[in-house]
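Numbering (the working numbering), first residue to last: 2 to 285.
Built from N, CA and C at the ideal position, the CB exists for glycine as well.
For reference, the structure is listed below as C-alpha cells.
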Ligand code: GUN
C-alpha cells in the first residue's frame with residue numbers, strides 16, 4: 002500500500018513557520034496585511050474565504066475583509082482594487098474567484114498590482130514563472146511542490162505528468178516541475194492514449210475535475226500520485242479525481258482527499274503574503 006502524503010500536517014508546519022516569521026516582523030513594527038475580497042453569495046467561495054481569513058488569524062497576518070453584493074459592477078470592484086493597490090498598509094490582494102457574470106475576471110486579475118498579486122494569477126506573475134524570475138506562484142501548484150519536497154520525492158530528472166491544462170493549476174504546475182528539472186508532459190482532454198502517457202510517470206499530478214477518473218490502470222508501480230480534485234459525492238463523502246483505494250494499491254506515495262492538496266493552497270497563500278510584505282519593505 003502507498004505511503005500517505007499528509008497535506009494536513011505539512012500545511013500546519015508551513016503555517017507555523019509563517020507564524021514565527023510574521024511575529025519576527027511584528028517586532029520590527031511591520032504588520033503583514035492581506036485584503037480579501039468576496040463578491041456575491043457563492044457558498045463554496047464563502048467557505049474558502051472564511052478558511053483563508055482563519056489562516057490569517059492563525060499566522061498573525063492581518064486580514065481586511067471586503068464583502069460585496071452579487072450585483073456589484075465591474076467598475077466598483079476595479080475601483081476598490083485601485084484603492085488597495087495605492088494603500089501602503091496592504092501587502093497582498095486576493096479576489097476570490099469565480100466572480101458574478103457581469104464582471105470580467107481577466108480585467109480584474111490584470112488590475113491587481115503585480116507586487117500584491119499573492120494568488121499569482123496576473124500575466125506578469127505567470128510570465129515571471131515561465132522565464133524563471135522571482136514572482137508570485139499560484140498557490141495550489143506551489144503547494145504541490147512543497148508536498149513533494151517535504152515528502153522526500155525527488156523531482157530532478159524524473160518523468161512528471163500533469164493531467165489538466167488550467168491557468169491556475171495545470172500550466173503553472175508544469176512550469177514549476179520544469180524549474181525543478183523534471184521531464185514534464187502536460188496531458189488534457191485531447192491527449193491520445195492518456196494511459197500510455199500516465200504509465201510513464203514517476204510523479205503524476207491529476208487535475209482533471211472528474212470524480213474518481215484515474216484508477217490503478219493509469220499508474221506505474223511505485224509512482225507518486227498527487228490528486229488535486231475535490232468532489233462531494235451523493236451521501237456527502239468527499240473524493241478526488243483519483244479512485245483512492247485503487248490507486249493506493251499501486252502508487253508508492255499518494256495524497257488523500259480531503260487532507261492532501263487542499264490545505265496546502267491556503268498555507269501557500271500565507272507564504273506568498275509574507276513574501277509580499279518582505280518585498281514591500283525592501284527586505285528581499
Ligand atoms: N477560486 C478557486 N481557487 C481559487 C484560488 O486559488 N484563488 C482565488 N482567488 N480564487 C479561487
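Cβ-Cβ distances below 7 Å link residue 16 to 56, 59, 60, 268, 271 in the same chain, with the five nearest sequence neighbours on each side left out; the list follows chain order. Assigned with DSSP and collapsed to three states, residue 119 falls in coil, not helix or strand.
For the options 248, 236, 239, the alpha carbon positioned closest to that of residue 224 is the one of 248. Straight-line spacing of the CA atoms in residue 51 and residue 44 works out to 11 Å. A distance of 9 Å or more separates the beta carbons of residue 36 and residue 109.
In this structure, the beta-carbon distance from residue 177 to residue 145 falls below 9 Å. A distance criterion of 8 Å places the beta-carbon of residue 14 beyond contact range of the ligand GUN, judged by its closest non-hydrogen atom.
Residue 226 sits buried, since 16 or more C-beta atoms from the chains shown fall within 10 Å of its C-beta. Non-local beta-carbon contacts of residue 4 in its own chain, meaning distances under 6 Å to residues more than five positions away in sequence, involve 254 in chain order. Residue range 245-249 is occupied by the alpha helix (DSSP H) that includes residue 246. Residue 211 places its beta carbon less than 9 Å from that of residue 242. Residue 87 and residue 215 have their C-alpha atoms roughly 46 Å apart. One thing to note: residue 53 has its Cβ within 9 Å of the Cβ of residue 95.
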